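See below for the structure under consideration.
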Amino acid sequence: MTMEMKDSGSVVLTAYHPHSPARIPGMEQSFVQDIPPSHSPTSRKSLPRCRRINRMLSNESAPPPAFSRSNSQASMDSTSMEDFWCEVESIKESSEDGSEEATLLEFRPADEGELEAEWLQDAGLSTLISGAEEEDGQALLSTLTRTQAAAVQKRYNTYTQTLRKKNKHTVRDVRDIFGTNDSSPTFETVPVSPVPSNGIQLPGQKPVWKSVSSNSCLDCGLDKSSPSVTEELSYEVSFSESITVLPKTQEWPKNQRFKKEDSALPKFVVRKSRFGLTEVGDLSAEDMKKIRYLSLIELTAFYDALGVELKRNRAERVRGRENGLFGVPLTILLENDQKKLPGVKVPLIFQKLLLKLEETGLETEGILRVPGSASRVKNLHQELEAKFYEDTFDWDQVRNNDAAGLLKMFIRELPSPLFTVEYLPAFITLVEKISKIKLQLQALHLLIMLLPEANRDTAKAFLQFLKKVVANEGKNKMNLWNVSMIVAPNLFIYKGKRANQQEMQAAATTAHIVRLLIRYQDILWTVPSFLISQVRKMNEAAMNNSKRQLMFDKGVRKLLRRKTMERERPERPEGAVTFPPYLQSDIPEGVVRVYAPLHSKVSMAIQLNSQTKAKDILARFHCENSRGSSQNMRGQIQSLHEIGGNIGQHCLDPDAYMLDVYRANPQAEWVIKPKAS
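Residue 381 in the UniProt record's numbering sits at position 381 of the sequence shown; the count goes up by one each step and never skips.
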């Protein structure tokens, strides 16, 4: 980090991230804060310098920013941001003593049209660029809502217009893709009918909401001192379609203020529909890939509906280390860890640091805020690199504050930020340009769905730990706002050759983002049901395309004729194909055959009614197999899985009503097995 002081009292402060861009384009936060002497019970050796920095930032002689004040401008009391700047100073000191390697992740300018081309590829629509008739791209396009289709069309129009200017090659007309008579159609703002959670809209069927107690809701509210008003979130309609039904005259309130009290955040609840709720880990990797495609399209449509530009960074790829612990890409770390522990989803070193702090550090006063010894952290860093995988490292020697320093160092030294370089401007924009917390939460929800699997799983483990830190506030003196201020610079403020004033002024913005991530993490890691519905439709469209292709395959038709003749013979040939249960005509409507490979009774036909839940089927199997179950099954949490048909694999919520799920996917198989950890 560099710091340049001038006679006018202004300061150029570059916060540190070892592998980060020189600046985040589009930052327009106008937050200037005066920080007086600290009233914190815990002293820090860098505190006087922090105060000087904050006084210089708020000096009245400093020229005002040229840009207008943001709708989401923050206003805090005089001590609210001190921890943030002290953490920045602590990061600077650790970089100066050589304990961290500083590698810049430089941006390269994008050519005209390149951003749109990258957007189409990231959205799973490379077929629009290549011109190939790919089934996946066609299936995806067939599932889009009106606002989503408009977002795709807007980016494709920009891309094709750019290519025509460059005279590169002939491109497909947008009317060939969307079947419109105008290359720039308008979409009327009309209400959208909800679709069932995780399912497909059935003719004449309305979504059914059950009356449930608070313990059967996904409740991400506050403590008992919080406001009693609870706002319900709906996953039934896409977020962007919901925006279109808002009054056009609505204006965002100006001069929004961040209030640091925990009780200032609203209480949200997501009520379970008859399909239950689906967590990120409940879907197959292939279906989650489609969720990512749809989330990018939906996020873009959501920002378009709000009149907000969705900005993306474009960075050169920087190769991190291929061995070791710190400064290694998450994907490579996991590949190395999975050789030792198959199926691991969060790097082992990160898990061990979290475990160390959870076992001994949650009640330590000032944990995360009070820095450890820089020399000890440096030595522990080197020792971990040498001994961790040999299982010879002595964790008892690690002090809690040093472990916290190593944890934050691990995050900072990732070659690519935990929340990815590409979408960091979108994280900032959701606070700068969107004033209502509910809308901020919806945008944040889609951004979490966009994260690569390794980043999302690691971020979840980190946020779960931070939630535990806040829960011990009575002993560690770290409330939600304190923790958010300490964590924000490690996630969102970046090292560069010359950071500008806007980046320094984003302190409150980034702290607020972390606060939302910690408070509402249970909501954010739940897959919106409208996206699951679109995945089902996408899979059905792909299956239908495959069936049509097979019907025109002459070789397949000949094979089918031969198989038909063989079935008409009186004696069935030995080794004939046995069709799966969902293709057998002797199973009545509303009856499912459930398989439980780890039970002594491996299958059972169950008649469904309108009140049968997934947990009822699990209880029935448990009752009939309580004595003869496999030893491997005991102690494991069993779940009912929906496999095949219009979904890859789906671990069902115990409260899901099975008849509704069955009707949404009648060709599925039903298997009881342990839930993936």
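Positions of the beta carbon are idealized from the N, C-alpha and C atoms, including for glycine.
These numbers come from a predicted model, not from an experiment.
Sheet register partners of residue i (DSSP bridge)
i    : result
K356 : Per DSSP, none; premise fails for K356.
H445 : H445 is not bridged to any residue.
C86  : DSSP lists no partner for C86.
T526 : E279
P452 : Answer is none; P452 lacks a bridge partner.
W670 : V594, E642
Neighbour-count burial assignment, residue i, 16 or more Cβ in a 10 Å radius
i           : result
I349        : buried
E82         : buried
N455        : buried
D282        : buried
S70         : Low per-residue confidence applies at S70: pLDDT is 37, beneath 50, and the placement is therefore not dependable enough to give any value.
G343        : exposed
G645        : buried
P666        : exposed
A676        : exposed
K537        : buried
I518        : buried
R412        : buried
I617        : buried
I243        : buried
V229        : exposed
Y662        : buried
Q145        : Here residue 145 turns out to be Thr, not Gln, going by the sequence shown. T145 comes out buried.
Q153        : buried
G372        : buried
A139        : buried
D396        : exposed
K387        : exposed
A285        : exposed
residue 679 : Here the chain covers residues 1 to 677 and nothing more, so residue 679 does not appear.
S416        : buried
T392        : exposed
L463        : buried
N539        : buried
L333        : buried
R164        : exposed
Sub-8 Å separation of residue i and residue j beta-carbons
i           : j    : result
T641        : T278 : Checking the sequence shown, residue 641 turns out to be His, not Thr. Not in contact: H641 and T278 (Cβ atoms no closer than 8 Å).
S90         : A541 : no
D660        : R271 : no
L414        : A459 : no
K477        : E624 : no
A511        : S484 : yes
M469        : L353 : Checking the sequence, you will find Val at residue 469 rather than Met. No; because the gap between Cβ atoms is not below 8 Å, this pair is not in contact.
Q442        : F302 : yes
K408        : N479 : no
N472        : E363 : yes
V308        : D457 : no
T509        : V431 : yes
Y647        : A668 : A small fix is needed here, since residue 647 is Ile in this sequence, not Tyr. Yes, Cβ-Cβ distance for I647 and A668 is below 8 Å.
T160        : A305 : no
residue 763 : H381 : Summary: the structure shown does not reach residue 763, with the chain confined to residues 1 through 677, and so no result is reported for it.
N313        : P452 : no
V671        : I637 : no
residue 680 : I434 : The chain is shown only over 1 to 677; residue 680 falls outside these bounds and no answer can be derived.
V594        : S600 : no
V535        : D287 : yes
8 Å contact criterion, which residue i and residue j should meet: CB distance rounded
i    : j    : result
I523 : F268 : 6 Å
L531 : S295 : 7 Å
E116 : T158 : 5 Å
L299 : L125 : No, L299 and L125 are not in contact; Cβ-Cβ is about 15 Å, not under 8 Å.
D394 : V377 : Not quite, the Cβ-Cβ distance comes to about 15 Å (not below 8 Å), so this is no contact.
W525 : V280 : 5 Å
A488 : V527 : That pair is no contact at about 26 Å.
M658 : L608 : 5 Å
I437 : P266 : 6 Å
A404 : I297 : Contact flag wrong, Cβ pair sits at about 39 Å.
Y423 : L450 : 6 Å
F621 : A596 : 5 Å
Within-8 Å CB hit, residue i to chain D
i    : result
P654 : Although the question refers to chain D, the structure presented lacks it and comprises just one protein chain.
What ranges does the alpha helix (DSSP H) occupy inside the stretch 593-663, keeping only unbroken runs of at least 4 residues that lie completely in it?
614-624
Output the residue ranges of the alpha helix (DSSP H) runs that lie fully inside the stretch 385-446 and measure 4 residues or longer, sorted by chain position.
With a minimum length of 4 residues, the unbroken runs of alpha helix (DSSP H) contained wholly in the stretch 385-446 fall at 400-412, 424-432.
Along the chain, which unbroken stretches of the beta strand (DSSP E) at least 3 residues long are found entirely within the stretch 295-348?
Entirely contained in the stretch 295-348, not one beta strand (DSSP E) run reaches 3 residues.
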